[in-house]
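The sequence shown begins at 22 in the working numbering and counts up by one.
Cβ coordinates follow ideal geometry from the N, Cα and C atoms, glycine included.
Here is the structure we will look at, set down as C-alpha cells.
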Amino acid sequence: MTVTPRFLGSLHRRFASSARAEAQVRRLSGFLAAQSRLQHAVISCVPRDELLREACAACVDSGLAAIASAWWREAVTLRALAWAGPAERLFGPMPAARALNDTFLAGTLTGRALAEGLPGICSDMASDPLAADWRAHAEAAGVCAQAVFPLRCAGVVVGVLLLHADSADGFDDALVELLHRLTDDLAFALDNLQREQARLDAQRQAAADHRRFKSIFDASPMGIAVRTLDDGRLIDLNPVFAQRVGRSREELIGRPLYELGLGMSFDDHRRLMAAMKVEAHVRDFEARVRDADGVERVILFNGELIDYDGQPALLTISHDITARRDAERALELREHQLAGIVESAMDAIITIDAEQRVVMFNRAASEMFRLPATAVVGRPLDDFVPPELRERHRHGLQAFIESGRDRVAIGHANTLFGMRADGERFPFEAAVSRQGEGDRMTMTAVIRDLTDRRAAEAAREARIVAEAASQAKTEFLSRMSHELRTPLNAMLGFAQLLADNPRESLSPHQRRQLALTREAGWHLLALIDDVLDVSRIEAGQLDMRIEPVPIRPLIESALSVSAALAARHRVQLLPAPAALDDALAVRADATRLRQVVLNLLSNGCKYNRPGGRVAVEVVLETATGGSAPADGDTLRLDVIDDGVGMSAQQLAHLFEPFNRLGRERGTVEGTGIGLHLTRQLVQKMGGTISARSTPGQGTCMSVRLPRAGASGVAGASAALPPPPAVGPVPLEGPLLEGAILYIEDNPVNLLLVEQFLLRWPQVRLHGADTGAAGLARLRGEHFDLVLLDMQLPDMHGTEVLQRLQAEQAPIGTPVVVLSASAMPDAVDAALAAGAAEYWTKPLDLARLGAELRRFLRPAAAK
C-alpha cells in the first residue's frame, strides 16, 4: 500500500484529536475528583484554613496544577494560608507574605485579581510582563504558566487561589471554566462558614447575655420579680425577693403573692397595676408589704412592662426602705436632742442660710456676741464682722461654697476677728460645714473665742523666746570669755614677769608703757567679767556703788587707755576740754562709768575713717534753765566722731543685743553687745543714753547722769580706782621643789608658767599638748601636781578628769584646772569630775606663787 502525504496528514490529525480528547478526559476527571474532595470538606464544615488546604491539595493531586496556593488579604499584606506542591521553590519559605502596595496591585495578575475581582491567566511566564518579578522563581520551580482566581466571601474579594502549571498550555479555556466553577464552590463554602460563624457567635453572645442577666438578676441587692400582667402570678424571682417574703422559689413560682397572704395589700397591688396600664412603668411606688413572719415593711417599687418568653409581664425592682424610714424618725428625734446639745454647748454655734442670714444662734453665741438669739435671727452675718473685714469675709464664704467641700476649718493660719454688740473686736477660729445646695443650702459654724488662748500663747512664746535668748546669750558669753581670757593670760602674765625681772631693769619710760599695758589688760578683764554678768545686769541684779565721780580724771584716763586703739585706726583723739571744771562730778559707779566711756570711745575710733577725730564734751544741763548749778541738774557727756555715721533705720536698732546693724560684713571686729550693755549700765546708774547721727558725717552719743552736789564732790576721790595691782611675785620663804605636769595645747600659756617657775630651779615643769598624751605620762610617771586646760584638741578637760577617776590615778596627785572659761557651769562641771581646784586665766602671778606653795614641798638645803 502506498502511503501518500495526504494519508499521513489525516492519520496525524486523528492521533492529535485523540490525544486532546484524552487530556480533556483527564482534566475533567481531575476536576471531578477535586470538586468531590472540596464538597466533602464543605459538608464536613471544616474551618477556613483546612478548607483552603484541601482545595490546594485537590488541585495538585488531581493534576489540575503543579503548585497550588491560597492567599488571604490581611490589612496591607497578603499571606499564604494553604499550599500544595513544591511551593517553597516558587515563594521561598512558607508561609510567605507580600506587601499590598500600589505597584503590586497594578503590576501583577494577583494584584489585579484582588483589586478588580477578575481572574488572570498567564500562559507563558517567561514573556508575560505581569510575571516579570517571578520569572527566575518560576524557572527554578519548573513552572511556566499561571492562573489567578479571586476568592470571595459575602461578595467581597478576600484572597486569591494561585495555580501554576508546568506546561504552556496548562490553562486552556476548558480548564479555566472548570476552575471558575471550583472557585465558585469555594466562595459558597466560605459564605457558609461565615454564616455559621455568625450564628455561633450570636448563640454565644445570647448565652453570655443570658448568663450576665441571670448573674445580675440573682446577685442584685434588690428584690426582682417578674409577674404576669393579667393575674400577677410570679414567673421569675431572685434570691433577695424570696428571702424578703420568707418563702422558697418553688413555693412562689406560679402563684400571686396576695393569694399567700404575702406582699402588698390587694388595694396597693391594684393601684400598682393601674399605674402600669396607664404609664407602662412606675417609679418610686411606695407600699407596705407583709412577710412570712407577719412583719410589715416599707418597700419602694420601680416597675416596667416587658415581654417575657412571648407573654406580657411586669418586671418589678423593689428596695426595702424600712430602715431608712426608721432612720428618718430617729433623725427627727436626734434633731430634738441635738437642739438641746447645741444650746448647752460651750462653743458658739451659728447657722446661716444661702443669703448668709442667721437662722440659728445658740446660747454660747449669745454670750459671745452679747446679744439674745431673738435679736439676731434673720440678721445678716456681716453684722458680727468688723466693717473693714466684711468684704473679705463674704469672699471667703463664697470661695468655700464654690470649692464644693462640705467642711473647712478657718482661723488657724490667719487670725479672724468677730465683733461683739458693743463693738469690741475679738479673735476666733471656726469649723464651718455646709448642708444642701442652692437655695436650700445652709452653713453652720462652730466658733471658739481665742482671746484667752492667744494671751496664753503669747505669754508662752515670750517665755520660750526669752529662755532661748538667755541660753544663746550664755553660750555666747562662755565662748567669748574663753577666747578673750586666753590672749589676756599671755599679755598680763608676761607684763607681770617684765615688771618683776630684777636682771633686766626697765627705764622709767618703759615702766610707764608697761603700766599702761597692764592697766588696759586688767580693765579689759573687768569688761569680760561684766559681759559674763550680762544676765544679772538685764535682771537688775548687778550691784553698783553709786557715789560722786569726778569727770575730768575719768575722761583723761579713758582717753589714755583708748590712745593705742585710736592710733591703730589712724584716728585723732582730742584731749579733754581745757575749760572742764575739776570739781564737776556725777553720781555713778566709777568702774561702770569708765566702762561706758571706753566703749563709746572705742566705737568712735573703730567706725571712723583714717584721719578722723573723736572728741569728748561735757555739758551741764540745769533743771531751772539758768546758769547756776542746782539740785536736779544733769551732766551730759557727749562722745562725738566724724566717722561713717548711721541711717535712721540703723539708729532704730542701735541698742539691740547682738545686732551689728549690717557692719558684720565689714572688717571691724565686734559682737554687737557693747551698746546694749552700755545702755543697761547707764540706766542702772539712773541715767539715759541717746544718739544722733548722719550717714557720712558722724555720730554723737550722749550720756546723761545726775550731777553730784558740791558736798558730794568734796568727799569724792580725785582719781579713778586703779586696775588690780600686781606686785612682785613673793620669793619669801624657802624655795620649792617638785614635778608639775601641765596639760596645755597653747605653747604661749605653757611658756608663761615655765618662765614663772624659773625662780624655783628645783621645780620641774613637763608639758603635754593633748589629753591623751597627758594621760599616757600620768600612767608611767609621778607628778606632785597636774595643771589641766579644759579646751584640748582631742578631748575636753572633763573627759581627762573622768578617765583619771576611772583609771584610779596615783593617790596624792591633785589636778588643778587652769582655764580661760570662767562660767559657773564650767567650774561646777570640773569640780564634780574630780578637779581639786579651778583657777581662771589670766593668771595673777602673785597669787599663783602663793597657791603653788600649798601643793609643792620646800626644797632641800644643799
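Inset, instruction - Specify the secondary structure class of E271 as computed by DSSP and reduced to three states. - result: helix
Legend entry - E356 (DSSP reduced to helix, strand or coil): helix
Inset, instruction - Given a cut-off of 9 Å, decide if L658 and L675 are closer than it, judged by their beta-carbon atoms. - result: no
Legend entry - First and last residue of the uninterrupted beta strand (DSSP E) at P333: Q332 to D341
Legend entry - Cα-Cα separation between S578 and A857, rounded to whole angstroms: 40 Å
Inset, instruction - In the DSSP assignment, find the unbroken beta strand (DSSP E) run with M464 in it and report its ends. - result: T463 to D470
Inset, instruction - From the DSSP output, read off the bridge partner residues of G719. - result: T715
Inset, instruction - Name the residue from K862, A483, M844 and D239 whose alpha carbon lies nearest to the alpha carbon of N770. - result: K862
Inset, instruction - Please work out which residues of its chain come closer than 7 Å, Cβ to Cβ, to G632, disregarding the five sequence neighbours upstream and downstream, and give them in chain order. - result: R591
Inset, instruction - Please name the residue, chosen from I576, L779 and V607, that lies closest to L619 on a Cα-to-Cα basis. - result: I576
Inset, instruction - For E450, count neighbouring C-beta atoms within 10 Å of its own C-beta (all shown protein chains included) and say buried if the count is 16 or more, exposed if not. - result: buried
Inset, instruction - Going by DSSP, name the residue or residues bridged to N323. - result: I338
Inset, instruction - Out of T834, M297 and L183, point me to the one whose CA is closest to A87's CA. - result: L183
Legend entry - Ranges of the beta strand (DSSP E) found wholly within the segment 749-800, counting only runs of at least 3: 757-764 and 784-789
Inset, instruction - Taking L658 as part of the beta strand (DSSP E), name the residues at either end of that continuous run. - result: T655 to D662
Legend entry - Which listed residue (V784, A793 and R220) has its alpha carbon closest to that of E765: A793
Inset, instruction - Give every residue of the same chain whose Cβ lies closer than 6 Å to the Cβ of V665, excluding the five residues on either side of it in the sequence, and list them in chain order. - result: Y628
Legend entry - Rounded straight-line distance, which links the Cα of Q56 to that of L200: 10 Å
Legend entry - Pairwise C-alpha distance: N213 and P171: 17 Å
Inset, instruction - Using beta-carbon positions only, say whether L281 and L258 come within less than 9 Å of one another. - result: no
Legend entry - Per DSSP, cross-strand counterpart(s) of M440: R446
Inset, instruction - For the alpha helix (DSSP H) holding A236, just list the boundary residues, first then last. - result: It should be pointed out that residue 236 corresponds to Ser in this sequence rather than to Ala. Residues D194 to A240.
Legend entry - Buried versus exposed call for N122 [16 or more other C-beta atoms within 10 Å across all chains shown]: exposed
Inset, instruction - Report yes if the C-beta distance between V453 and R428 is below 9 Å; otherwise report no. - result: yes
Inset, instruction - In the DSSP assignment, find the beta strand (DSSP E) that holds A414 and state where it starts and stops. - result: It is worth fixing the name first, because residue 414 is His in this sequence and not Ala. That residue, H414, is in no beta strand (DSSP E); its alpha helix (DSSP H) goes R411 to S424.
Inset, instruction - Indicate whether the contact test is met: 3 or more Cβ pairs, each with one atom in the segment 306-320 and one in the segment 220-229, closer than 8 Å. - result: no
Inset, instruction - Give me the Cα-Cα distance between P114 and A208, rounded to the nearest whole angstrom. - result: 27 Å
Inset, instruction - Give every residue of the same chain whose Cβ lies closer than 8 Å to the Cβ of R469, excluding the five residues on either side of it in the sequence, and list them in chain order. - result: D368, A369, F449, E450 and A451
Legend entry - Nearest to R69 (by Cα), restricted to the options L102, F777 and Y279: L102
Inset, instruction - Run the CB neighbour count on P751, radius 10 Å, all protein chains shown included, and call it buried at 16 or more, exposed below. - result: Confidence at P751 is low in this model, with a pLDDT of 45, below 50, so its placement is unreliable and the value that follows should be read with caution. By the 10 Å Cβ count, P751 comes out exposed.
Inset, instruction - Count the other C-beta atoms from every protein chain shown that fall within 10 angstroms of the C-beta of V837, then say buried if there are 16 or more, exposed otherwise. - result: buried
Inset, instruction - Pull up the CB-CB distance for P277 and D252, whole angstroms please, since I reckon it's below 8 Å. - result: 6 Å
Legend entry - Neighbour-count burial assignment, A76, 16 or more Cβ in a 10 Å radius: buried
Legend entry - For L580 and A597, believed in contact at Cβ under 8 Å, the rounded distance: 7 Å
Inset, instruction - Quick one: using the 10 Å Cβ neighbour count with 16 as the cut-off for buried, is G444 buried or exposed? - result: exposed
Legend entry - Test item: CB-CB of R608 and L756 under 9 Å: no
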